[in-house]
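K.L.:
Taking the numbering used here, the leading residue of the sequence shown gets 204, the next gets one more, and so forth. All residues carry an ideal CB built from backbone N, CA and C; glycine is no exception. Keep in mind the model is a prediction, meaning the values are calculated, not measured. This is the structure, below, for whatever I ask next.
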Amino acid sequence: MNDINILIVEDEKAISNIVRTYLEKDGYKVYQAYDGKKALEIFTSTKIDLVILDLMLPKLSGEEVIKDIRNRSKTPVIIISAKVEEEDRINGLRLGADDYVIKPFSPKELVERVKAVLRRIEKYNIPRADIIKTKDNRLLMDLKYNRFLKDGEEVSLTKNEFSILKTLFSSPNKIFTRDEIIELTFGLDYDAYDRAIDTHIKNIRQKIEDNPKKPQYIKTIYGMGYKSGGVDDVFKE
Ligand code: CA
């Protein structure tokens, strides 16, 4: 077992089962949902690392499922669909899918695509842990429920502030340039100019630091950018 949980959302049980067999052969733990509603239930209650998603599903369409997933996480999604039109593929990718595989597909190829997507995520260091803490145990970031606590009290952060913190805290040893923070936090097509990041950082410091003028948790690295301070290596709860 490699401790990676994959959710297959597919109403055709034969397809679902064959994909399951191939994934299990490679050591993945597999969950199966046969409709969109059940998919979201499993996604909410279980730590899922990657979703394989059919589009034409009972109860809730794959499009609805991916929208809901994207509203709360960056968990990778691979769409498997019989919809072959270019427009459908583009639409799927626009909704935030990481890959689009057209049916019928070879299960072997699908597993390779799963691996490729997971490799890409590792490269960009998107955290798979749900909880990130500082070594002094004062700050806690809960990525599953999108909460940030200081000394046990919830800190009210905007969505952008939370996302920036997530980027910084997910790679405690890395110095980020402003461009990297923008790219990793908001994606390539976000057209904020890099000084906007300084304003966000300033606001975040007001909320999480004891003394924002002498920050311990977000350090400025002069001439380079920012780095988190005192964050424990990312761990899984
Ligand atoms: Ca289907």
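What's the C-alpha gap between residue 224 and residue 364?
P.N.:
Whole-angstrom Cα-Cα distance: 41 Å.
K.L.:
Buried or exposed, going by whether 16 or more other CB atoms sit within 10 Å of the CB of residue 337?
P.N.:
Classification of residue 337: buried, given that the 10 Å Cβ count is 16 or more.
K.L.:
Considering only the beta carbon of each residue, do residue 283 and residue 304 sit closer than 8 Å?
P.N.:
Yes, they are a contact pair.
K.L.:
Based on the DSSP secondary-structure assignment, which residues constitute the bridge partners of residue 235?
P.N.:
Looking at the DSSP assignment, residue 235 forms a beta bridge with 211.
K.L.:
Between which two residues does the alpha helix (DSSP H) carrying residue 251 extend?
P.N.:
Neither: residue 251 is in no alpha helix (DSSP H) and is coded neither H nor E.
K.L.:
Go to residue 431, then tell me how far its beta strand (DSSP E) extends in each direction, as first and last residue.
P.N.:
Per DSSP, residue 431 belongs to the beta strand (DSSP E) from 428-431.
K.L.:
On the CB-based measure, 16 or more other CB atoms within 10 Å of its CB, does residue 421 come out buried or exposed?
P.N.:
Buried, because 16 or more other Cβ atoms sit within 10 Å of the Cβ of residue 421.
K.L.:
Specify whether the segment 374-391 and the segment 346-357 touch according to this definition: at least 3 beta carbon pairs, one from each stretch, less than 8 Å apart.
P.N.:
These segments do not touch.
K.L.:
If you measure from each CB to the nearest heavy atom of ligand 1 and keep those under 6 Å, what residues do you get, in chain order?
P.N.:
So the residues near ligand 1 by this Cβ test are 214, 215, 257, 259, 260.
K.L.:
For the segment 312-374, which segments carrying the beta strand (DSSP E) assignment without a break, of at least 3 residues, lie completely within its bounds, in sequence order?
P.N.:
For the segment 312-374, whole beta strand (DSSP E) runs of length 3 or above, ordered along the chain, are 334-336, 342-345, 350-353.
K.L.:
Over what stretch of residues does the alpha helix (DSSP H) that includes residue 410 continue unbroken?
P.N.:
Note, residue 410: alpha helix (DSSP H), 398-411.
K.L.:
Closest to residue 242 by CA distance: which of 228, 431, 296, 270 is it?
P.N.:
With distances taken between Cα atoms, residue 242 lies closest to 270.
K.L.:
Can you round the beta-carbon distance between residue 380 and residue 427 to whole angstroms, since I take them to be within the 8 Å contact cut?
P.N.:
Residue 380 to residue 427, Cβ: 6 Å. Contact.
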